[in-house]
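In the order they appear, the protein sequences are chains A and B.
All residue numbers for the first sequence refer to my numbering, where the first residue is -10 and numbers rise by one.
All residue numbers for the second sequence refer to my numbering, where the first residue is 849 and numbers rise by one.
Using N, Cα and C, we set each Cβ at its ideal position, and we do this for glycine too.
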Amino acid sequence: MLHTFAVYVDNKPGVLNRVSSLFRRRAFNIESLTVGHTETPGISRMTVVVDTDEYGARRLEAHLYKLVPCRRVDNITDAPAIARDLALIKVSATGEARTHVMQLVDVYRARIIDVSPESLVIETTGTEDKIDSLLEVLRPYGVIEMVRTGRVAMIRGLAPARRTAPRVTPATASDISGDVSNCSV
Amino acid sequence: MKLTGAQILWEALVREGVSDVFGYPGGAILPAYDAMLGYPIRHVLVRHEQGATHMADGYARASGKVGVAIATSGPGATNMVTGIATAMMDSSPIVCITGQVGSKLIGSDAFQETDITGITLPITKHNYLVTSAEDVAPAVREAFAVARSGRPGPVLVDITKDAQQASCEVDWEAAEPHLTEAYDDALPGDGDVRDAIELINAAERPLILAGHGVMLSGAEREIVAFAEQAQIPIAVTLLGIGGVPASHPLNLGMMGMHGEAWVNTAIQEADLLIALGMRFDDRVTGNLRTYARSARKIHVDIDRAELNKNVRVDVGIAKDLRVALNEWQPHVAPGNRSRWLAHIQALKGDVAVRDIQNLPDNGHLYAAHVINDLWRLTDGEALVVTDVGQHQMWEAQYYKHDRSRSLITSGGLGTMGFALPAAIGAKIACPDAEVWVVVGDGGFQMTMAELATVVQENLDINVAIINNGYLGMVRQWQEFFYDKRYAATPISGPNFQKLAEAFGISAATITTRGEVAGAVESARRQKRAAVIDFQVEQEDSVYPMVPAGADLDRMIRRPSPIVETAAD
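Right, dumping it as structure tokens:
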């Protein structure tokens, strides 16, 4: 089954590589991975979706904790959580089709964010199901291009407090590695 | 006072208690070597950087301290890879320092540039690329903390040449590492003391599986106390040898592929396995589907990622073993398991008859005889370092280790060429120990250049080459599973006696059992290195053997009585 992890890491060069390399090394296939800043300066948050069983998920969590720049891992698969995906969809839309597409966009509460003579760019956020469904109805009009962010997720309400002390590492020790030199995480 | 990055490196090492390092200089690490002369450090010049990492590993395993290896960028760093992977698999704490090209040149394919932090990412606990003098102290200090903490392992610190040359003020307090164990939350499925004790006290046929973790956590006394209190027999893994005295009546011996037949049978018949500091490697479980089916399982390992990895357990405890055993101690009911113990004795059956030690002397020199004689002649007191292959298994079977950390061997990675350099590290860590290298003729030829290091450092290390003219373990597999098609396993070698003498090491060649004692005694008497070439039976095999992936109790046994080879 799909497991969703929220992984808090130090925002340092090479950390994304450490995390993704761990998944590769332990033969886990990443379904989706997003990363971005958090409310705490210097800490990034990854949302990782992996297809594995319960034992695999627990082992993965343990392995993530062994990474020095990893501060906290929450398996939010079973927690009451909100998950969202964002997609940009460029659809061919001329003449009558354009009106139909715009109606569909309204129904799905998506937004048109760019208009050109032959096409429209639609922005939508929602669950993966919703985006899949929108995509399905747009397909007959001709989907020219699409990009999706992958899932980001957050637990509802106040997350249960963790007993762990945050891992403090000397901020000056930089640890660059691998091929993500143009990425800050 | 300002120090250069190179000086900070040595200052940090000395502050970590480092007195010995193993290394090989080169362009990108030259500033560090230049600064070394100002610090109280013994530097051992190796002949190949792989040797440096094995030496640091042997040093760590013999002493429990962190071993340190140092090399230059590019090929110096890549040569370390095998040794780092060896230390990773066997949880050995080492810190590798590598030079790197100047920070401005990184990514430009500069001379001797290699992405060593990228290369070693999956085989280190952590690694650092240090590009400024200010970062040297925090990185080195954290590297030692990481290498030592939890499940020990290798850490690499890659320091650019300009970071070694630049100067800065050092604030040692600020460089203090603050690694907290973030992972102390109890996860569902984690057992507690009560769950474990309930199973232990109720078990009728329990068995302790003791691994390397016994020594890494310093639980040698606790495990024996626990076993005695509950009257539970102990089986050990290859790396667990020495953690429990071989002569202890509850110690059954080694489990697994070349473990004792009755030990493997006992595992299959047990109703409770208590796995302590071991990781259910495929070499000890055989076929997982049929492994110990009637047993409940308790698993204590400091590395939570090991729990439920290969074998599903009823109680998994991610904890330092010594801490866990101390928690159990007040609750363990005194056991009387004489029926179970008697049953295991009965399982031995005709094993004594089959034992090669009890077969009539047919004039041939068998490796098992050499090793058994070595055990008797050294009173079981030597620190033995083995390579990988048949001799390694015979050593595990016939050298009875009563002391912790008295057997050093490459288990997880199975690195041929490990023995000689690891023994150099062990001898430097424990100068008073009687160190014996037991090595095959194949593995010895991989790293025998380190004999020069033995001589240059004036080390009293004895080398017993178990020379059968084959890559013996692979030949054995070919004999059993590939219809005796000996593809690429016959191996020639130099005249090892003359070779050793060329290094200035006294040496002997032994071909009959009658000469073994004399050669061993003479090597022991002299307080300098010795090499003995034991030319043993060429096509002997290690018994018993569980074929890879087979059920643990489906063992190939030594034919009884021994079948003479065609040459007879």
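Is residue j closer than 7 Å to residue i when the C-beta atoms are compared?
i                       : j                       : result
residue 1125 of chain B : residue 1062 of chain B : yes
residue -7 of chain A   : residue 66 of chain A   : yes
residue 934 of chain B  : residue 1254 of chain B : no
residue 1267 of chain B : residue 1233 of chain B : yes
residue 1119 of chain B : residue 1053 of chain B : yes
residue 36 of chain A   : residue 141 of chain A  : yes
residue 1160 of chain B : residue 1406 of chain B : no
residue 925 of chain B  : residue 900 of chain B  : no
residue 1260 of chain B : residue 1150 of chain B : no
residue 1403 of chain B : residue 1114 of chain B : no
residue 1248 of chain B : residue 1262 of chain B : no
residue 1291 of chain B : residue 1317 of chain B : no
residue 1385 of chain B : residue 1217 of chain B : no
Closer than 7 Å, CB to CB, is residue i near chain B or not?
i                      : result
residue 44 of chain A  : yes
residue 34 of chain A  : no
residue 51 of chain A  : yes
residue 39 of chain A  : no
residue 14 of chain A  : yes
residue 57 of chain A  : yes
residue 87 of chain A  : no
residue 100 of chain A : no
residue 48 of chain A  : yes
Considering only DSSP beta bridges, list what residue i is partnered with.
i                       : result
residue 1264 of chain B : The partner list for residue 1264 of chain B (beta bridge, DSSP) is empty, contrary to what the question assumes.
residue 1016 of chain B : B:851
residue 902 of chain B  : The partner list for residue 902 of chain B (beta bridge, DSSP) is empty, contrary to what the question assumes.
residue -3 of chain A   : A:34, A:61
residue 1383 of chain B : B:1315
residue 1392 of chain B : DSSP lists no partner for residue 1392 of chain B.
residue 80 of chain A   : A:109, A:132
residue 1100 of chain B : For residue 1100 of chain B, which the question treats as bridged, DSSP gives no partner whatsoever.
residue 1272 of chain B : Beta-bridge pairing links residue 1272 of chain B to no other residue.
residue 1106 of chain B : DSSP output for residue 1106 of chain B lists no bridge partner at all.
residue 73 of chain A   : A:141
Starting from residue i, follow the alpha helix (DSSP H) in both directions and report where the run begins and ends.
i                       : result
residue 1238 of chain B : 1238 to 1246
residue 1326 of chain B : 1320 to 1329
residue 12 of chain A   : 4 to 14
residue 1109 of chain B : 1109 to 1117
residue 976 of chain B  : It is not in any alpha helix (DSSP H) - residue 976 of chain B instead sits in the beta strand (DSSP E) that spans 974 to 978.
residue 1179 of chain B : Counting along the chain, residue 1179 of chain B falls outside any alpha helix (DSSP H), and DSSP gives it neither H nor E.
residue 992 of chain B  : 984 to 996
residue 1074 of chain B : 1068 to 1078
residue 1045 of chain B : 1041 to 1050
residue 964 of chain B  : 964 to 967
residue 1217 of chain B : 1215 to 1225
residue 21 of chain A   : Per DSSP, residue 21 of chain A belongs to no alpha helix (DSSP H); it is in the beta strand (DSSP E), 19 to 26.
residue 924 of chain B  : 923 to 926
residue 880 of chain B  : 878 to 884
Answer yes or no: does any C-beta atom of chain A fall closer than 7 Å to that of residue i?
i                       : result
residue 969 of chain B  : yes
residue 1179 of chain B : no
residue 1060 of chain B : no
residue 891 of chain B  : no
residue 858 of chain B  : no
residue 1249 of chain B : no
residue 902 of chain B  : no
residue 1212 of chain B : no
residue 1398 of chain B : no
Between which two residues does the beta strand (DSSP E) harbouring residue i extend?
i                       : result
residue 112 of chain A  : 108 to 115
residue 1356 of chain B : 1354 to 1358
residue 52 of chain A   : No beta strand (DSSP E) holds residue 52 of chain A; the alpha helix (DSSP H) holding it covers 43 to 54.
residue 1144 of chain B : 1144 to 1149
residue 1370 of chain B : No beta strand (DSSP E) contains residue 1370 of chain B, which is instead part of the alpha helix (DSSP H) from 1364 to 1373.
residue 101 of chain A  : 100 to 104
residue 891 of chain B  : 890 to 893
residue 1057 of chain B : 1054 to 1058
Check the Cβ-Cβ distances between residue i and every residue of chain E, and say whether any is below 7 Å.
i                       : result
residue 1191 of chain B : The structure shown contains no chain E; its protein chains are A and B.
Note to self: Which residues of the region -6 to 11 of chain A have a Cβ closer than 9 Å to any Cβ of chain B? Give them in chain order.
What the structure shows: Among the residues of the region -6 to 11 of chain A, those with a Cβ less than 9 Å away from any Cβ of chain B are 2, 3, 6, 7, 10, 11, in the order of the chain.
Margin query: Against chain B, which members of the region 135 to 146 of chain A pass a CB distance test of less than 8 Å?
Written below: Nothing from the region 135 to 146 of chain A brings a Cβ to less than 8 Å from some Cβ of chain B.
Checklist line | Interface residues of the region 1142 to 1171 of chain B facing chain A [CB-CB below 7 Å] | finding: Taking 7 Å as the Cβ-Cβ cut-off against chain A, the residues of the region 1142 to 1171 of chain B that qualify are 1152, 1153, 1156, 1157.
Notebook entry, point to check: In the region 944 to 959 of chain B, which residues sit with their C-beta less than 9 Å from some C-beta in chain A, listed in chain order?
Noted result: Against chain A - using a Cβ distance shorter than 9 Å - the residues of the region 944 to 959 of chain B are 954, 955.
Notebook entry, point to check: Just by C-beta distance, which residues in the region 986 to 1007 of chain B are closer than 7 Å to chain A?
Noted result: Residues of the region 986 to 1007 of chain B with a Cβ closer than 7 Å to any Cβ of chain A, in chain order: 986, 987, 990, 994.
Note to self: Give me the subset of the region 1225 to 1244 of chain B whose CB atoms are less than 8 Å from a CB atom of chain A, sorted by chain position.
What the structure shows: Flagged: no residues at all.
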